[in-house]
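One structure below.
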Amino acid sequence: MMLLEHDAKELLGATRLSIPGGRLVRSASDVAGVLPVVVKAQVPVGGRGKAGGIRIARSQTELGEILHALIGMKIKGHQVRAVRLEELVEAAFEAYVSLSIDARIGKVRILISLQGGIDIEEEAMRAQLRQGVADLDASNMREVVLELTQALPSMHRPAIQSACDALIEAFVKYEAVLIEINPLFIRADGSCVIGDARMIVDDNAFERQPLLVERIASQ
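Residue numbers for the sequence shown follow our numbering, beginning at 544 and rising by one.
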């Protein structure tokens with residue numbers, strides 16, 4: 544099951560990963576808050592940015608207009624019932640990291656790139672992805688990450704490694720099938736912040752994951 548971005552971030556933020564401050568809004572009349580803010584439609588599909596489901600509001604008037612436009616609209620067949628209002632992260636380097644179960648080989652596929660953003664799906668961008676496979680074991684996943692990041696620039700390598708280490712912890716903890724961070728913001732001080740998160744969890748894991756059940760029940 545694919546979680547809403549808000550739920551994925553709340554779960555990941557409960558680990559060692561940093562997320563931008565944010566809240567879930569279900570009404571177009573709820574315009575109070577700190578500006579500027581990113582308004583993000585909450586639907587269980589990718590490609591929201593290109594579909595107009597992610598916008599920036601820099602005034603209360605603009606925020607109200609965006610909320611009216613987004614709440615109730617449909618994105619790839621899914622109706623937007625809520626949006627996440629999120630702190631705008633500026634002046635940060637964008638990277639890409641994902642962990643996913645490759646059912647064909649029964650291993651975890653790890654993808655890392657120093658090019659993040661909405662165009663990561665393009666063939667030219669995917670050609671820059673560094674990738675490897677690891678056993679379903681946290682220690683082996685960390686070994687593969689270390690191998691993949693050895694050739695990265697030293698200024699970004701520690702941040703990528705630290706973020707991957709925390710993602711591996713979350714991947715195992717929540718019995719995920721996929722965790723994709725795009726973009727992973729890397730600030731000038733080397734700290735990382737999750738810009739966007741896709742998270743798919745094994746349906747069979749819910750009976751062992753009370754936090755997942757709680758998240759789904761709140762949708």
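Just so you know, even glycine gets a beta-carbon here, dropped at the ideal spot from N, CA and C.
Could you give the first and the last residue of the continuous beta strand (DSSP E) run that contains residue i?
i    : result
N725 : 719-729
F636 : 636-645
E630 : 626-630
A740 : 740-744
I737 : 735-737
Assuming residue i and residue j make a contact with CB atoms under 8 Å, what is their CB distance in whole Å?
i    : j    : result
A584 : A740 : A584 to A740, Cβ: 14 Å. No contact.
L560 : A713 : 7 Å
K650 : A694 : With 8 Å as the limit, K650 and A694 do not qualify as a contact, their Cβ atoms being about 22 Å apart.
F728 : V736 : 4 Å
V580 : E637 : Not quite, the Cβ-Cβ distance comes to about 19 Å (not below 8 Å), so this is no contact.
A691 : G675 : What sits at residue 691 in the sequence shown is Leu, not Ala. Confirmed, about 5 Å.
L628 : R566 : 6 Å
V582 : A600 : 6 Å
A681 : E718 : Going by Cβ atoms, the distance from A681 to E718 rounds to 12 Å, so no, they are not a contact pair.
V623 : L613 : 5 Å
H621 : V586 : 4 Å
From the DSSP output, which residues share a beta bridge with residue i?
i    : result
S656 : Y639
M544 : Answer is none; M544 lacks a bridge partner.
Q622 : K617
K650 : D645
If we require 4 or more residues per run, which alpha helix (DSSP H) segments fall completely within the region 547-615? 548-556, 603-613
Where in the region 667-703 do unbroken runs of the beta strand (DSSP E), each at least 3 residues long, occur, reported from the N-terminal end onward? 673-677
Any contact of the region 551-561 with the region 589-596, i.e. 3+ C-beta pairs under 8 Å? no
Check whether the region 653-660 touches the region 637-645, counting contact only when three or more Cβ pairs, one atom from each stretch, lie closer than 8 Å. yes
Count the C-beta pairs between the region 691-710 and the region 609-619 that are closer than 8 Å, then say yes if the count reaches three, no if not. no
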